[in-house]
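Residue numbers (this note's numbering): 10 to 609.
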C-alpha cells in the first residue's frame, strides 16, 4: 500500500482524487441538506396555506373533513378537528377519534391556540411516522390540524438528488482525468529534469534545464544549471591540468613510471614504453616484474616505508615530507644499456600517492665519458711524444760538439715539430668545422676532379712508398658538395691509406650510384683493423694500438666523419672487406636528387 504513494506522480494523483472525492461527498451532503431545508420550508408554507384555505371553507359550512381533503388535493394529507380542550372530534384516514389521545399539548395546537396558527415537525405518536403538522384556530375555539407525512418530502428530495448525483459524479470523473493529466504532465516535466541531471552526471555538461513543471521549480533549475556550470568549469580545469601533465609526460625524453602507495605500477609515459618496448600490460604489477632489478625494488620499498613512517609520525597526514629524504637514485645496467633512475616521493604526504620513477638512458653519456677519458689520454700521449722527443733531442743537441750529430738530432727535432704542427693544423680544421653552425655552400661537384686534386697533394707520399692511385670516378654523376671540403676528405683518406698500405700496392677509389646517393670506396691492401676497433676509428686521436707510431695525428678520420655528416652523408669502415682489404666508404647526395634537411 505504501508503494502506491512513493512516486511523486501517484501522490499528486491520489491527492487530487481524494480532494475530488471529499468535495463530491460534501457537495452531496450539502445539497441534501439544502434540498431538505428547502422542501421542508415549502412544506410548511404549503401546509399553513392549506390550513387557512380549509379554515375558510369550514367557516362557509363545509364540515366534512373527507371532502376538505379532496378539495385540498394533497397526497396522504390527514385532517383532524379538535375542540377547545384538545380532544379529537374528527379524523380522516379511517382512524376512530374515540381511542385517540388528547392533542391539546401538541406543539402546533399550542401555537394555534395562542397565535392563531401553529407548525411543527415530529413523529406521530399514533402512526409512528414523521409528519409535518399545521394547525389553525377557528373562530369558535376549535382547532383544525393538517398532517402531511414527510415520506413524500423525502421522496422529492431523493428525486432531486438523483438529478444532482450524476453531475457530481461527472465532476469526480473529470477530476480524476484532470488528476491523471496533471500528474502525467508533472511526471513528464520531472522526467525531463531527471534526464538533464542524469546527462550532466554522465558528463554531458552542455545540457541545461529549460522547461520546468512550474515556477516553483525555478530555484532548483537555477541551482542545477549553476552546478553544471561549476562542474563544467572544474572539469575543464582538471582536463587542462591533465592535458598539461600528459603533454609534459609524453614530451619528456626520460621514461616515467608512476607507482601507487603499495608500490604497484599505475601508469607510464611514452618514453618509458620506448625504452622498454618488451614490457606490456604492466598496470598493477610490482616494479621488479617490469624491471628485473632487486636493487631498484629495494630502493622503492625503502622509500615507500619511509613515507609511511613520516605519515604515521605526522598524525594528520597533511605534513610536508622532508624532501632530501624523499629522493633516491639508483644506477642500473640492463641489456647492455645504462640507466640512472631517480625515485621521488610527492612533497605533500598523501596516502593515495606512491612514488615516481624517472629513467634516464645514460648509455650514450657513459660512452661519451669514456671517449672523453680516452681523448684526454690520447691527446696527452700524442702531444707528449713529440714534445718529449723535441725536449730530449734539444738537450742532447746543446751538449754536442760534432756538427754531423747535431744535424742528425736537428732533423729529428724538425720531424717531430712538423708532426706537432700537423696535429695542431688538424685540430684547427676540426674546430673550424665544428664552429660553422650554418649550412654549407653546396654546389654540383665532380668527384674525379676533387680526387685528382687530392692525389696531387699526396703525390710525394705515394712516391715514397711506391703506391699507385687508381681512380675510377669518371662515370659518376655530379654530387652536392663543398669542393674544398671534399678535397680535404679525399686527401685525409689517401694519406691514411698511404700510411698503412703495403709498399708497391695500389690504392683503389671506386664509386657507384645507389638511388639518390653516390657511394665511394677508398680501398688499400694494408693490415686489417680489428673488429673491436672498427666502431671507434672515427673518434679523435683514436688509433689502433698496432698502428701507433705511423706518424699519424689520429684526427684525419674524425675530420672526414665530420665533413661527410655535414654533407648529410654517412661514413664507415669495412675490414676485412670482400677481397681481404680495408675499405673506407662514404656517401654523398647526387646533385640532381632532392636535397636532405642537412643540405638545405
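Backbone N, C-alpha and C fix where the C-beta goes; we use that ideal spot for every residue, glycine too.
Taking one C-beta from the stretch 520–530 and one from the stretch 489–496 each time, how about it: are there three or more such pairs within less than 8 Å? Counting Cβ pairs under 8 Å, fewer than three are found: no touch.
Examine the Cβ distances between the stretch 29–39 and the stretch 50–70 and report whether three or more of them are shorter than 8 Å. Output reads no: the stretch 50–70 does not touch the stretch 29–39.
Please go through the stretch 16–48 and give each complete beta strand (DSSP E) segment of 3 or more residues, from N-terminal end onward. For the stretch 16–48, not a single whole beta strand (DSSP E) run of length 3 or above is found.
So, at 7 Å on beta carbons, what are the nonlocal neighbours of residue 74 in its own chain, with the 5 sequence-adjacent residues on each side left out? Here residue 74 has 88, 90, 99, 101 as same chain residues with Cβ atoms under 7 Å from its own Cβ, once five neighbours each way along the sequence are excluded.
Should residue 471 be counted as a contact of the ligand MN given a C-beta to heavy atom distance under 7 Å? Ligands displayed in this structure: none; no statement on the ligand MN is therefore possible.
Whole-number beta carbon distance between residue 214 and residue 240, since they are thought to touch under 8 Å: Rounded, the Cβ-Cβ distance is 6 Å, consistent with contact.
For residue 462, three-class secondary structure by DSSP: Per DSSP, reduced to three states, the secondary structure at residue 462 is helical.
For residue 363, name the three-state secondary structure that DSSP assigns. Coil at residue 363, not helix or strand.
Classify residue 342: buried if its beta carbon has 16 or more other beta carbons within 10 angstroms, exposed otherwise. Answer is exposed; the Cβ neighbour count stays below 16.
Per DSSP, which residues does residue 139 bridge with? Please list them. Paired residue(s): 132.
When burial is assigned at 16 or more other CB atoms within 10 Å of the CB, is residue 533 buried or exposed? Buried, because 16 or more other Cβ atoms sit within 10 Å of the Cβ of residue 533.
Straight-line CA distance for residue 511 to residue 547? Annotation: residue 511 to residue 547 spans about 22 Å, alpha carbon to alpha carbon.
What residue ranges within the stretch 468–513 form continuous beta strand (DSSP E) runs of no fewer than 3 residues, ordered along the chain? Here the runs fully enclosed are 477–481, 488–490.
Three-state secondary structure assigned by DSSP to residue 50: Residue 50 falls in the helix class under three-state DSSP.
Straight-line Cα distance separating residue 365 from residue 582: Between residue 582 and residue 365, the C-alpha separation is close to 44 Å.
Check for me: the alpha helix (DSSP H) holding residue 78 runs from which residue to which? Start and end: 74–81.
Whole angstroms are fine: how far does the CA of residue 153 sit from the CA of residue 72? One C-alpha to the other measures close to 11 Å.
Who are the Cβ neighbours of residue 305 in its own chain at under 7 Å, not counting the five residues just before and after it? Closer than 7 Å at Cβ, skipping near neighbours: 296, 339, 341, 350.
Do the CB positions of residue 549 and residue 567 come within less than 8 Å of each other? Contact flag set, yes.
Measure the C-alpha to C-alpha separation of residue 160 and residue 43 and round it to an integer number of angstroms. Each residue's CA atom was taken as its position, placing residue 160 and residue 43 some 17 Å apart.
Which listed residue (518, 600, 565, 363) has its alpha carbon closest to that of residue 317: Of the candidates 518, 600, 565, 363, the residue whose Cα lies closest to the Cα of residue 317 is 363.
The beta strand (DSSP E) that contains residue 113, what's its start and end? Counting along the chain, residue 113 falls outside any beta strand (DSSP E), and DSSP gives it neither H nor E.
Output the distance between the C-alpha atoms of residue 555 and residue 535, rounded to the nearest integer angstrom. Unreliable positioning characterises residue 555 in this predicted model, as indicated by a pLDDT of 45, which lies under 50. A coordinate reading is not provided.
Using a Cβ distance threshold of 8 Å, determine whether the stretch 105–114 contacts the stretch 47–58, with at least three qualifying pairs required. By the Cβ criterion, the stretch 105–114 is not in contact with the stretch 47–58, since fewer than three pairs of Cβ atoms, one from each stretch, lie closer than 8 Å.
Does residue 216 come out as helix, strand or coil in the three-state DSSP assignment? Looking at residue 216 - three-state DSSP - the assignment turns out to be coil, as it is neither helix nor strand.
Please confirm whether residue 309 and residue 354 have their CB atoms less than 8 Å apart. Judged by their CB atoms, residue 309 and residue 354 are not nearer to each other than the 8 Å cut-off.
Look at the alpha carbon of residue 584 and the alpha carbon of residue 603, and state the distance between them as a whole number of angstroms. Straight-line measurement puts the Cα of residue 603 at about 32 Å from the Cα of residue 584.
Out of 347, 405, 395, point me to the one whose CA is closest to residue 378's CA. Nearest of 347, 405, 395 to residue 378, Cα basis: 347.
CA nearest to the CA of residue 451, picked from 80, 598, 32, 485: Relative to residue 451, the option among 80, 598, 32, 485 whose CA is nearest is 598.
Do you know how far the Cα of residue 273 is from the Cα of residue 314? Rounded to the nearest angstrom, the two C-alpha atoms are 14 Å apart.
Can you tell which of 412, 467, 287 has the C-alpha that lies nearest to the C-alpha of residue 475? Distances from the alpha-carbon of residue 475 to those of 412, 467, 287 put 467 closest.
Distance, residue 34 Cα to residue 93 Cα: In this model, residue 93 and residue 34 are separated by some 49 Å (Cα to Cα).
Name the two residues that bound the continuous alpha helix (DSSP H) containing residue 265. Per DSSP, residue 265 lies in no alpha helix (DSSP H); the unbroken beta strand (DSSP E) holding it starts and ends at 264–268.
Looking at residue 352 and residue 312, is the spacing between their C-beta atoms short of 8 Å? Their beta carbons are under 8 Å apart, which means residue 312 touches residue 352 by this criterion.
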